[in-house]
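Residue numbers (our numbering): 9 to 225. Backbone N, C-alpha and C fix where the C-beta goes; we use that ideal spot for every residue, glycine too. All remarks here apply to the structure that follows.
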Amino acid sequence: MIDTGDTAWMLMATALVLMMTPALGLFYAGLVRSKNTLNTFMMSIAALGVATICWAFVGYSIAFSGGEGGFIGNLDLAFLNGVGYEPRDGTAIPELLFMAFQGSFCILTAALVSGAVVERIRFGPYLIFIALWSTLVYPVMAHWAFGGGFLATAGTLDFAGGISVEMASGFSALAAALLIGARKDYGRQALLPHNSVFVLLGAGLLWFGWFGFNGGS
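Here it is as structure tokens:
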């Protein structure tokens, strides 16, 4: 049975987490040189579009379908098949809302990875990377902890995304940074942040967004 209070709070929590993605764009954009501001900000905004589509088409199904204790889900819920206004087992909110809230995690995590490759990757290849990553990497790790995978059945409680968000983005960012290498001007000139106001504003909005991120979890 759907609980209207829970549903109202989860709508707010989802909105707060979605706000964190453009906030992250502001934070990153302030830390790069002025000539790369637009590209850096658009990397985060692009994650909103690309990761949302990948999550709705395939990612949600990989993360939240399949049996207990598995490594990866299946495609039973692909293209949101059977995902509607009825509550998901163990929840009191519409499954569509549950899907949207979990999708906001995927979006933010994809945007987090961009911080490791700003000023070093073209926009087109980045979009391809985000599409593949949002389909093949994040949903699998989300299944482990959130979707009844082997970590969940082992007793792991991941309330704030320590595994599927922080570990997934952190190790992916490290791999991307090592693969691409240093920026062209690294070691030859100072690569200083150009806008401390963007950094402060982005950090403040991220801080506020955590109330939805952790509270919704």
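Unbroken alpha helix (DSSP H) run spanning residue i, endpoints
i: residue 65; result: Unbroken run through residue 65: none, as it is neither H nor E.
i: residue 150; result: 146 to 153
i: residue 1; result: Limits of the chain in this structure are 9 at one end and 225 at the other, which puts residue 1 out of reach.
i: residue 36; result: 12 to 39
i: residue 173; result: From DSSP, residue 173 is part of no alpha helix (DSSP H); its letter is neither H nor E.
i: residue 161; result: 158 to 161
Rounded distance between the beta-carbons of residue j and residue i, thought under 8 Å
i: residue 166; j: residue 101; result: Actually they do not touch by this definition, with Cβ atoms about 19 Å apart.
i: residue 37; j: residue 155; result: Not really, about 33 Å apart at Cβ, beyond 8 Å.
i: residue 31; j: residue 217; result: 6 Å
i: residue 93; j: residue 85; result: That pair is no contact at about 15 Å.
i: residue 22; j: residue 109; result: 5 Å
i: residue 119; j: residue 55; result: 4 Å
i: residue 126; j: residue 184; result: Residue 126 to residue 184, Cβ: 11 Å. No contact.
i: residue 112; j: residue 25; result: 4 Å
i: residue 67; j: residue 142; result: 6 Å
i: residue 171; j: residue 95; result: That belief does not hold up - the Cβ atoms of residue 171 and residue 95 are roughly 25 Å apart, past 8 Å.
i: residue 20; j: residue 220; result: 7 Å
Candidates the options, of which the one nearest residue i by Cα
i: residue 152; options: 175, 37, 131; result: 175
i: residue 114; options: 123, 148, 99, 103; result: 148
i: residue 200; options: 187, 44, 64; result: 44
i: residue 87; options: 75, 69, 97, 99; result: 69
i: residue 181; options: 46, 146, 95, 196; result: 146
i: residue 215; options: 16, 28, 169; result: 28
i: residue 161; options: 220, 203, 75; result: 75
i: residue 51; options: 219, 117, 98; result: 117
i: residue 188; options: 196, 144, 123; result: 123
i: residue 134; options: 212, 186, 48; result: 48
i: residue 222; options: 169, 203, 53; result: 169
i: residue 18; options: 163, 106, 129; result: 106
i: residue 99; options: 89, 163, 12; result: 12
i: residue 128; options: 177, 186, 203, 16; result: 186
Closer than 9 Å to chain B by CB, residue i
i: residue 59; result: Although the question refers to chain B, the structure presented lacks it and comprises just one protein chain.
Problem set entry | contact_flag[the stretch 54 to 61, the stretch 127 to 143] where n(CB pairs < 8 Å) is 3 or more | yes
Exercise. Is the stretch 72 to 91 touching the stretch 157 to 164 in the sense that three or more CB pairs, one from each, lie closer than 8 Å?
Worked result: yes
Problem set entry | Meets three-Cβ-pair contact criterion under 8 Å: the stretch 175 to 193 and the stretch 206 to 213 | Counting C-beta pairs with one atom in each stretch, the stretch 175 to 193 and the stretch 206 to 213 have fewer than three that are closer than 8 Å, which means they do not touch.
For this session: Taking only runs that begin and end inside the stretch 195 to 225, name each unbroken alpha helix (DSSP H) of 4 or more residues, in chain order.
Result: 204 to 224
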